[in-house]
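Reviewing the structure listed below.
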Amino acid sequence: NVEILAGGGCTDAQYSPKCQLTSGTTTTQTLSSHHSGRLYRATASSGTQTYTLPATTAQRGTFYTFVCGDAGGEILVTPASGDTISVKASEGGANVTTVAGTGIKNTAATNIKGDLITLMSDGTSEWFAIDQSGTWASQ
Numbered sequence: 070n071v072e073i074l075a076g077g078g079c080t081d082a083q084y085s086p087k088c089q090l091t092s093g094t095t096t097t098q099t100l101s102s103h104h105s106g107r108l109y110r111a112t113a114s115s116g117t118q119t120y121t122l123p124a125t126t127a128q129r130g131t132f133y134t135f136v137c138g139d140a141g142g143e144i145l146v147t148p149a150s151g152d153t154i155s156v157k158a159s160e161g162g163a164n165v166t167t168v169a170g171t172g173i174k175n176t177a178a179t180n181i182k183g184d185l186i187t188l189m190s191d192g193t194s195e196w197f198a199i200d201q202s203g204t205w206a207s208q
């Protein structure tokens, strides 16, 4: 389950603007389509915090935002087997498309608090960045 900042009244499956900002997460999260639109703030102070995306098939328009909440930790976003993620290495940088099933990472060596990425599904086999700041690389 995902803890919600909004306090009482929000459930894991509820879609409401007040229920879309998650509190700081430090554990591995497996996302589903009903989590679409949520912002995940990674607050682990060390190690790698992993978020696993659902398969893109039939998920067109599903999107998630991941924010670095502690520069001591790393964020790893992993797609389902067979899916790719297409991002810029950095704002204005070269395009990076992962090998199918391989994730993207915002590493502790280069990240700063506030780095973020928003990924959207094309509904077939790719997640693509619609917003980002900071450096993101193929795993």
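So for the sequence shown, my numbering puts the first residue at 70; every next one is plus one.
Think of the CB as a built atom: it goes at the ideal place given N, C-alpha and C, for glycine as much as any other residue.
Quick one: Cα of residue 171 to Cα of residue 179, how far?
For the purposes of this step, residue 171 is taken as the residue at position 102 of the sequence shown. For the purposes of this step, residue 179 is taken as the residue at position 110 of the sequence shown. Linking residue 171 to residue 179 through their CA atoms gives a straight-line distance of about 20 angstroms.
So which of 201, 165, 189 and 196 has the shortest CA-CA distance to residue 208?
As a first step, residue 208 is located in the sequence shown; it is residue number 139 there, counting from the start. Residue 165 holds the alpha-carbon nearest to the alpha-carbon of residue 208 among 201, 165, 189 and 196.
Local Cβ density within 10 Å of residue 129, reported as buried at 16 or more and exposed below that:
Counting from 1 along the sequence shown, the entry for residue 129 is found at position 60. Flag for residue 129 reads exposed.
Residue environment, residue 204, which counts as buried when at least 16 other CB atoms sit within 10 Å
Here residue 204 is taken as the residue at index 135 of the sequence shown, counted from 1. Per the 10 Å Cβ criterion, buried.
Which of helix, strand or coil DSSP assigns to residue 102:
The residue labelled residue 102 in the question sits at position 33 within the sequence shown. The answer is helix: DSSP assigns residue 102 an H, G or I state.
Where residue 195 falls: helix, strand or coil (DSSP)
In the sequence shown, residue 195 corresponds to position 126, counting from 1. Looking at residue 195 - three-state DSSP - the assignment turns out to be strand.
Classify residue 103 as buried or exposed, calling it buried when 16 or more other Cβ atoms lie within 10 Å of its own Cβ.
Your numbering for residue 103 matches position 34 in the sequence shown. Exposed.
Element boundaries [beta strand (DSSP E), containing residue 174]
As a first step, residue 174 must be located in the sequence shown, where it is residue number 105. In this chain, the beta strand (DSSP E) harbouring residue 174 covers 173–175.
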